[in-house]
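Numbering (UniProt numbering), first residue to last: 1 to 453.
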Amino acid sequence: MAAPRRSPPIYVLNDSLDLDPPTGDPGQGFTMLECASKKAYGCGEHGQEMVDGLALYLRLGDAPLVTSSLAIRISDAALRRFDSELGPHNLDALHRERVSPRDREMDAVGRILVAEADLVAVALGFRRERSIIRNLTYFLVYDNVDASLSMINDLPHLYQGIGPLLPVPNRTIDGGACELLLMARRAPGLPAKKKKKEKLCVFSTATWAKNPACLWQIKRRRFPAGDLFTATMAFSFQGKGFWADLARGLVYCDLPHATGDSSAVNFGLIRLPAGCELDEDEALKLEEQPDNLTRIVGCGGGSIRFVCIDRATEYEYEEDHLVTMWTLQLPLKQWKEEWKFSARELWGFDGFKEAGLPKAQPEFPVVLADGGVCFVLTDYRQRRSFGDDVLVGHICSIDVPNKRVLWHGQVHDYPFSKAFVLPSSFFQRKQRGSHKRKFGDYHPTAGLASPAF
Numbered sequence: 001m002a003a004p005r006r007s008p009p010i011y012v013l014n015d016s017l018d019l020d021p022p023t024g025d026p027g028q029g030f031t032m033l034e035c036a037s038k039k040a041y042g043c044g045e046h047g048q049e050m051v052d053g054l055a056l057y058l059r060l061g062d063a064p065l066v067t068s069s070l071a072i073r074i075s076d077a078a079l080r081r082f083d084s085e086l087g088p089h090n091l092d093a094l095h096r097e098r099v100s101p102r103d104r105e106m107d108a109v110g111r112i113l114v115a116e117a118d119l120v121a122v123a124l125g126f127r128r129e130r131s132i133i134r135n136l137t138y139f140l141v142y143d144n145v146d147a148s149l150s151m152i153n154d155l156p157h158l159y160q161g162i163g164p165l166l167p168v169p170n171r172t173i174d175g176g177a178c179e180l181l182l183m184a185r186r187a188p189g190l191p192a193k194k195k196k197k198e199k200l201c202v203f204s205t206a207t208w209a210k211n212p213a214c215l216w217q218i219k220r221r222r223f224p225a226g227d228l229f230t231a232t233m234a235f236s237f238q239g240k241g242f243w244a245d246l247a248r249g250l251v252y253c254d255l256p257h258a259t260g261d262s263s264a265v266n267f268g269l270i271r272l273p274a275g276c277e278l279d280e281d282e283a284l285k286l287e288e289q290p291d292n293l294t295r296i297v298g299c300g301g302g303s304i305r306f307v308c309i310d311r312a313t314e315y316e317y318e319e320d321h322l323v324t325m326w327t328l329q330l331p332l333k334q335w336k337e338e339w340k341f342s343a344r345e346l347w348g349f350d351g352f353k354e355a356g357l358p359k360a361q362p363e364f365p366v367v368l369a370d371g372g373v374c375f376v377l378t379d380y381r382q383r384r385s386f387g388d389d390v391l392v393g394h395i396c397s398i399d400v401p402n403k404r405v406l407w408h409g410q411v412h413d414y415p416f417s418k419a420f421v422l423p424s425s426f427f428q429r430k431q432r433g434s435h436k437r438k439f440g441d442y443h444p445t446a447g448l449a450s451p452a453f
């Protein structure tokens, strides 16, 4: 009798949240996440009633599948409050007679912004089609340490996030709500002289408690001089907030200083390892593909690590492309190379053939919490056309120094939907129900997953 397959060390969450429909039962396989406390910040008179009406549900993959989903459901009473906050069905005169009843309804969308070992930050938005009323956006932060859910109102209407919304979460020592730091600039339509300076917007419960009317502190951002910086990742580490541009490097600030009473925040710059910075043309090519297809920055094993898959044209064969990992020596702001290997070498690692893994190029590197790494291996020949069933990829963690595969599983359509990898320990809290997701539950017959925002 075959031994039972052990639980996977990780699960993969799609960034789009299930909010269809926004009320009712999310369906088979979903388990409600425990929420011991819920708190609304700056969300209006009925904010607490709204957050109390939110419930988070999780559907885990059933081994070997690790692709999983996060859902939000809203009580009828809370949904009416959100609808009221969005405002009346205020349509301009041109469209008032032409708009269908469906266009007058409120839509809810959600997207995961940041996922760390014990924190998930989500953008929850509400909108009405063809309405001249602005959309509503809230930040939700689920803290797995104390099973708390915080709902934080959006930035002031004069400001908007720079590029993708990438808040840096900072858990407070006193056990209060997680602080958020967000890069922002003046919204379009303001006089040019007023929108030159980019800002750092800071949410802090300590500041909010002193002045509930001022939810976000708007601070001057003293940024390193140089080329444009486009962050695609954000995280906190050892008292600092980091934003990563995978073409250039990291910028960072001191979190205690940024969340204090200062009116301006200084930022430092750490460039990528020598030879890894991309010129303008290379950076544009990087923007045309998924952010994390060939490179990633992440925290693991008590360090910040950078993994890069070099697809330089001087390699005659794809199997000779090199994968390299560096560790950041933070006090020195220098990178130390840890190891490198080629795809050809990976295919010969102990356990690779036995696991049935395809001889494919490693993609989508992930730094694990324990300092290890995993990659996705996809045999694209399995999919003859976009009308075929979902593309099944293989995900595996490896021990490079000892040249062996530690674990392997499966993911669905990983290349086509932004995803977040979390350790399985994050999901050990159980609430109502214990059903896991079956392989067939996530097997659409056509179409590709796409972000909600």
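Cβ coordinates follow ideal geometry from the N, Cα and C atoms, glycine included. Predicted model, so just to flag it, every value in this text is computed and none were measured.
Under 8 Å, do residue i and residue j count as touching if we go by C-beta distance?
i	j	result
A187	Y159	yes
L119	I72	no
F306	L272	yes
D25	K418	no
residue 464	L377	Residue 464 falls outside the range modelled here, since the chain spans only 1 to 453, and no answer is possible.
residue 484	L181	Here the chain covers residues 1 to 453 and nothing more, so residue 484 does not appear.
L56	Y142	yes
F364	F375	yes
G409	V366	no
K240	D261	no
Contact defined as beta carbons within less than 8 Å: I believe residue i pairs with residue j. What is the distance between those atoms, to the nearest angstrom?
i	j	result
N170	S236	5 Å
P224	G268	7 Å
P362	I309	6 Å
residue 528	L166	Nothing can be reported for residue 528, as the shown portion of the chain is limited to 1 through 453.
A244	A283	No, A244 and A283 are not in contact; Cβ-Cβ is about 14 Å, not under 8 Å.
L33	L58	6 Å
K333	T327	Rounded, the Cβ-Cβ distance is 13 Å, inconsistent with contact.
T207	Q217	6 Å
Between the C-alpha atoms of residue i and residue j, what's the straight-line distance to the nearest angstrom?
i	j	result
F229	V114	19 Å
S385	H412	Any reading at S385 is ruled out, since the residue's pLDDT is 47, under 50, leaving its predicted position unreliable.
G371	P290	23 Å
E116	S37	20 Å
I270	V251	6 Å
F352	S148	41 Å
L19	E354	40 Å
T259	V202	6 Å
T205	K39	11 Å
E280	N292	18 Å
I414	I74	It is worth fixing the name first, because residue 414 is Tyr in this sequence and not Ile. Cα to Cα, the separation comes out at about 28 Å.
R381	G356	16 Å
L278	E287	11 Å
Q238	C178	15 Å
R432	L70	The pLDDT assigned to R432 is 39, lower than 50, so where the model puts this residue is not dependable, and the model offers no usable value.
K219	P256	14 Å
T172	N211	18 Å
V390	L155	38 Å
G110	V51	15 Å
G29	A274	47 Å
K403	D146	38 Å
P21	V168	30 Å
A93	D379	Interpretation of A93 is limited by its pLDDT of 48, a score under 50 that renders its predicted location unreliable; no figure is taken from the coordinates.
Skipping 5 residues on each side, what residues in its chain have a beta carbon closer than 6 Å to that of residue i?
i	result
F126	F82, L86, M106, A108 and L136
L140	V122, L124 and M151
G42	N153 and L215
residue 466	Because the chain spans 1 through 453 in this model, residue 466 falls outside it and cannot be assessed.
L322	D310, K340 and S342
Under 8 Å Cβ to Cβ from residue i, same chain only, skipping five residues before and after it: list those, please.
i	result
W339	T324, M325, V400 and P401
A77	E49 and G53
D320	S342, A343 and R344
S7	A63 and S424
T23	R73, I74, S75, D76 and L79
What does a CB cutoff of less than 7 Å around residue i pick up in its chain, not counting 5 residues either side in sequence?
i	result
W347	K359
P9	S397, W407, P423 and S424
R221	E198, K199, L200, V265 and F267
Y11	L60, G61, V66, S68, L422, S424 and F427
G301	D370 and G371
G44	E85
H46	R81
A213	none
Quiz item: In chain order, which beta strand (DSSP E) runs of at least 3 residues are fully inside the region 146–181?
Solution: 148–153, 159–161 and 168–170
Practice problem: Scan the region 325–399 and note each continuous alpha helix (DSSP H) run of 4 residues or more that stays entirely inside, going in chain order. | Solution: 343–346
Quiz prompt | Residue ranges of each beta strand (DSSP E) within the region 196–271, 3 or longer | solution = 199–203, 216–222, 233–237, 240–245, 249–254, 264–266 and 268–271
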